[in-house]
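Enquirer:
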Amino acid sequence: NAGVMQNPRHLVRRRGQEARLRCSPMKGHSHVYWYRQLPEEGLKFMVYLQKENIIDESGMPKERFSAEFPKEGPSILRIQQVVRGDSAAYFCASSTLLDQGDEQFFGPGTRLTVL
Amino acid sequence: DQQVKQNSPSLSVQEGRISILNCDYTNSMFDYFLWYKKYPAEGPTFLISISSIKDKNEDGRFTVFLNKSAKHLSLHIVPSQPGDSAVYFCAARLNAGKSTFGDGTTLTVKP
Chain A
1 NAGVMQNPRH LVRRRGQEAR LRCSPMKGHS HVYWYRQLPE EGLKFMVYLQ KENIIDESGM
61 PKERFSAEFP KEGPSILRIQ QVVRGDSAAY FCASSTLLDQ GDEQFFGPGT RLTVL
Chain B
116 DQQVKQNSPS LSVQEGRISI LNCDYTNSMF DYFLWYKKYP AEGPTFLISI SSIKDKNEDG
176 RFTVFLNKSA KHLSLHIVPS QPGDSAVYFC AARLNAGKST FGDGTTLTVK P
């Protein structure tokens with residue numbers, strides 16, 4: 001059973017470009033979470049999605065950031081018009097969320113560098 | 116307002132001794148707590164968790180203690196091994212879904 005997959009592992013963009021980060025959850029998992037980790041900090045929650053639905057986006061910046069989890073295919077975190085402050089590691093996690101105790105399994109992360 | 120705090124950025128212990136990592140939280144509504152271990156260039160890996168209705172959970176060398184009145188939890192690793200050297204994150208959940216993470220403690224276990 002493959003784990004959570006994220007690609008690309010490293011992404012370099014120039015200011016003003018768009019960044020697309022992809023996450024394929026573990027097989028059987030229908031809940032996806034995106035977190036961002038800035039240097040020397042912990043993971044900060046961004047958004048929680050189920051298939052075709054955004055459940056909680058309280059951690060998402062109001063502008064330039066969007067996320068989706070379509071019926072088919074991976075979850076996508078999209079950052080438009082990137083700025084240097086967007087440089088961070090972006091982690092995706094998935095779970096079955098049958099109950100509160102269900103573990104979130106994390107992917108290896110995408111490291112975004114904005115030049 | 117940081118709701119989950121790990122006040123020690125780093126901890127160094129000798130192999131074979133006990134490692135104690137601490138975590139404080141402010142939101143009394145959190146009802147589930149987790150510890151993750153993270154190596155460089157990898158995602159966090161789940162270690163152990165505890166429900167707010169318990170005060171202790173043990174799994175092999177890892178034990179988590181929860182003191183609800185003090186809003187404090189700790190992770191004990193005994194005996195510590197060099198392979199335990201990593202960044203440890205404490206996390207808390209308010210309800211099923213998102214986790215709120217601390218900033219992590221870097222543990223170094225010296226041979």
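Line by line, the protein sequences give chains A and B.
When we follow my numbering, the leftmost residue of the first sequence carries the number 1, and every step to the right adds one.
When we follow my numbering, the leftmost residue of the second sequence carries the number 116, and every step to the right adds one.
The beta-carbon is built from N, C-alpha and C at its ideal position, and this holds for glycine as well.
#1: Please tell me whether Phe-106(A) has its Cβ less than 8 Å away from any Cβ of chain B.
#2: So, at 8 Å on beta carbons, what are the nonlocal neighbours of Thr-113(A) in its own chain, with the 5 sequence-adjacent residues on each side left out?
#3: Which residues of chain B have a Cβ atom closer than 7 Å to the Cβ of Gly-28(A), listed in chain order?
#4: Give a single yes or no on whether Glu-68(A) has its beta carbon closer than 7 Å to a heavy atom of the ligand PLP.
#5: In angstroms with no decimal places, state the Cα-to-Cα distance between Phe-69(A) and Ser-75(A).
#6: Touching or not, the region 54-67 of chain A and the region 120-133 of chain B, by the rule of three or more beta carbon pairs under 8 Å?
#7: How many Å lie between Thr-110(A) and Tyr-140(B) at the Cα?
#8: Identify each residue in the region 33-52 of chain A for which the Cβ-Cβ distance to at least one residue of chain B is less than 8 Å, and report them in chain order.
#9: Are the region 19-36 of chain A and the region 190-208 of chain B in contact at 8 Å, needing three or more beta carbon pairs?
#10: Report the residue from Ser-125(B), Phe-180(B) and Lys-152(B) whose alpha carbon sits nearest the alpha carbon of Ser-167(B).
#11: In this structure, how does DSSP classify Arg-84(A) when only helix, strand and coil are distinguished?
#12: Please classify Ser-95(A): is it buried, with 16 or more other beta-carbons within 10 angstroms of its beta-carbon, or exposed?
#13: Can you tell me the Cβ-Cβ gap for Tyr-147(B) and Pro-159(B), rounded? I've got them flagged as a contact below 8 Å.
#14: Could you give the residue range of the beta strand (DSSP E) that holds Leu-43(A)?
Expert: In this structure, then:
#1: yes
#2: His-10, Leu-11, Val-12, Arg-13 and Ser-87
#3: Within chain B, no residue comes near Gly-28(A); the closest Cβ sits about 17 Å away, beyond 7 Å.
#4: No copy of the ligand PLP appears in this structure; indeed no ligand is present at all.
#5: 4 Å
#6: no
#7: 28 Å
#8: Tyr-33, Tyr-35, Glu-40, Glu-41, Gly-42, Leu-43, Lys-44, Phe-45 and Tyr-48
#9: no
#10: Phe-180(B)
#11: helix
#12: buried
#13: Rounded, the Cβ-Cβ distance is 16 Å, inconsistent with contact.
#14: 43-50
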